[in-house]
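Residue numbers (my numbering), protein chains in the order written: chain S, 515 to 709; chain H, 515 to 709. Ideal Cβ placement from N, Cα and C applies to all residues, glycine included. Step one of this worksheet: look at the structure below.
There are 2 protein chains.
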Amino acid sequence: MSPVREEVRSQGNRRHVVLAAAASCFQQAGYAAASMRDISAAAGMQPASLYYHFDSKDDLFVAVHEEGLRRITEAVVATIEGVPPGWGRLEAAAVAHLTTLLEGGEFFKAVMRDIPAGFAEREVITEMRDAYESIFAELIAGIDLPASTDPRHVRLMLLGAMNWCFTWYRPDGTSPADIARDFVSYLRSALDTGR
Amino acid sequence: MSPVREEVRSQGNRRHVVLAAAASCFQQAGYAAASMRDISAAAGMQPASLYYHFDSKDDLFVAVHEEGLRRITEAVVATIEGVPPGWGRLEAAAVAHLTTLLEGGEFFKAVMRDIPAGFAEREVITEMRDAYESIFAELIAGIDLPASTDPRHVRLMLLGAMNWCFTWYRPDGTSPADIARDFVSYLRSALDTGR
DNA sequence: GTCTATATGCTGATAGAC
DNA sequence: GTCTATCAGCATATAGAC
Chain S
515 MSPVREEVRS QGNRRHVVLA AAASCFQQAG YAAASMRDIS AAAGMQPASL
565 YYHFDSKDDL FVAVHEEGLR RITEAVVATI EGVPPGWGRL EAAAVAHLTT
615 LLEGGEFFKA VMRDIPAGFA EREVITEMRD AYESIFAELI AGIDLPASTD
665 PRHVRLMLLG AMNWCFTWYR PDGTSPADIA RDFVSYLRSA LDTGR
Chain H
515 MSPVREEVRS QGNRRHVVLA AAASCFQQAG YAAASMRDIS AAAGMQPASL
565 YYHFDSKDDL FVAVHEEGLR RITEAVVATI EGVPPGWGRL EAAAVAHLTT
615 LLEGGEFFKA VMRDIPAGFA EREVITEMRD AYESIFAELI AGIDLPASTD
665 PRHVRLMLLG AMNWCFTWYR PDGTSPADIA RDFVSYLRSA LDTGR
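Shown next as structure tokens:
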């Protein structure tokens with residue numbers, strides 16, 4: 515409205531291009547094997563130009579995680595919205611998680627991996643992942659499990675099984691949604707006290 | 515007995531020392547981040563000396579996998595010997611697998627990871643892993659599952675959940691054996707038709 | 001914001017003495 | 001079998017022009 519609008523600073527800024535290029539390289543090669551040269555080539559610029567947008571390779575890795583986890587959180591939260599608590603809600607979240615992970619683009623295979631050993635900001639990444647996984651902890655808390663069952667192990671089993679899928683998943687095989695539904699159904703028929 | 519015995523050639527050969535050093539480095543840092551210099555230091559020799567025992571870093575990685583998978587196969591096979599087919603046998607195998615993986619030494623965390631992208635001999639490693647996992651396929655085939663259940667997904671869910679454990683396992687928490695038993699029990703009560 | 005040019009150190013691997 | 005010495009190339013990151 516004001517005639518002298520403060521234009522969005524850094525418009526034409528290609529930070530997001532760099533971020534996407536980094537995600538692609540980290541996903542393909544892993545943190546250590548992806549070089550800043552590779553990333554700069556994927557972004558269509560010179561290596562030195564990356565350092566205008568990010569201070570270091572470590573910073574870039576953290577930023578890729580921030581963006582990836584932000585997006586997958588968004589996808590899962592949007593999916594479970596309105597679904598009543600219980601197994602159906604957990605299933606919906608699992609389907610969203612695995613579908614995003616396996617077919618959602620390059621950000622996610624970079625994010626759902628073991629953190630490179632000796633990585634300086636390991637804790638930052640761990641905390642971001644924990645925040646995301648707490649969604650699943652809450653969903654499982656909303657289910658009436660047998661008293662002998664450890665809800666933490668249920669969560670870790672489900673998420674572990676899903677996060678391992680990228681090692682064997684093939685796009686021409688069973689869909690991510692069907693895989694996720696199978697995994698949840700095995701737990702459900704085991705642990706559903708309401709039946 | 516013969517007075518002129520052919521002595522074991524390469525006695526005093528430190529190939530096994532190199533192999534253990536490599537396993538340690540690969541496990542700690544991952545393939546790309548572990549350098550031949552790191553490995554040579556861990557083995558107590560000069561970098562050039564490694565090349566007497568192995569032709570390349572790739573070769574060394576393959577050799578670590580061969581040894582690691584040989585050992586974990588041995589551990590699992592020894593454990594299930596004599597246990598009758600069914601859920602108990604699968605549980606015994608899972609306990610042996612996860613215990614070896616998490617507390618069996620440095621070979622296994624190097625082996626049960628995603629293969630570095632672009633690794634030249636990827637297929638060789640994939641085949642070795644498949645051969646190992648076929649043990650679990652057979653164990654699951656020996657269980658009477660509901661017709662609607664996909665035995666392959668049961669195997670992949672269990673192995674995936676276990677192989678992901680090293681990202682969250684802490685030695686001062688639940689023991690690997692108890693974790694494995696929990697995982698199998700969740701599947702078992704779901705899918706056990708014999709109850 | 002992106003460039004060219006470069007500093008400094010580490011990489012896998014080889015040659016050849018002992 | 002292990003060593004010393006070294007090659008050629010690539011790593012992250014910086015300096016400073018435009």
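According to the Cβ coordinates, are residue i and residue j closer than 8 Å?
i	j	result
MET671(H)	HIS611(H)	no
ALA694(H)	VAL609(H)	yes
ALA607(H)	THR587(H)	no
ALA547(S)	PRO561(H)	no
LEU615(S)	PHE680(S)	yes
LEU705(S)	LEU659(S)	yes
SER538(H)	ALA556(H)	yes
ARG666(H)	PHE650(H)	no
VAL638(S)	VAL576(S)	yes
Taking all protein chains shown into account, decide if residue i is buried (16 or more other Cβ within 10 angstroms of its Cβ) or exposed.
i	result
THR707(S)	exposed
GLY656(S)	exposed
VAL578(S)	buried
ALA534(H)	buried
PRO690(S)	buried
TYR545(S)	buried
ARG551(S)	exposed
ASP696(S)	buried
SER724(S)	Because chain S is modelled from 515 through 709, residue 724(S) falls outside the range shown and cannot be assessed.
ALA645(H)	exposed
GLU605(H)	buried
VAL532(H)	buried
Can you name the start and end residues of the alpha helix (DSSP H) that residue i belongs to?
i	result
PHE650(H)	636-655
ASN677(S)	665-677
PRO690(S)	690-705
SER554(H)	550-557
PHE621(H)	620-625
GLN542(H)	529-543
PRO561(S)	561-567
ALA606(S)	601-617
VAL597(H)	Unbroken run through VAL597(H): none, as it is neither H nor E.
From residue i to residue j, what does the alpha carbon distance come to, in whole angstroms?
i	j	result
PHE621(S)	HIS530(S)	12 Å
LEU583(S)	TYR683(S)	21 Å
SER699(S)	ARG603(H)	23 Å
GLY600(H)	ILE654(H)	8 Å
GLY619(S)	ILE553(S)	17 Å
TRP678(H)	ALA624(S)	16 Å
SER549(S)	LEU564(S)	12 Å
ARG627(H)	ALA536(H)	15 Å
ASN527(H)	ASP686(S)	48 Å
PRO598(S)	GLU641(S)	28 Å
ALA543(H)	TYR566(H)	23 Å
ARG643(S)	GLY596(H)	42 Å
ASP692(H)	GLN541(H)	24 Å
THR613(S)	ARG585(S)	13 Å
ASP664(H)	GLU581(H)	31 Å
GLU617(H)	GLY558(S)	46 Å
SER703(S)	SER703(H)	8 Å
THR474(S)	GLU652(H)	Nothing about residue 474(S) can be reported from this structure: the residues present for chain S run from 515 to 709 only.
LEU701(H)	LEU701(S)	6 Å
Contact between the segment 623-642 of chain H and the segment 561-580 of chain H (3+ Cβ pairs under 8 Å)
yes
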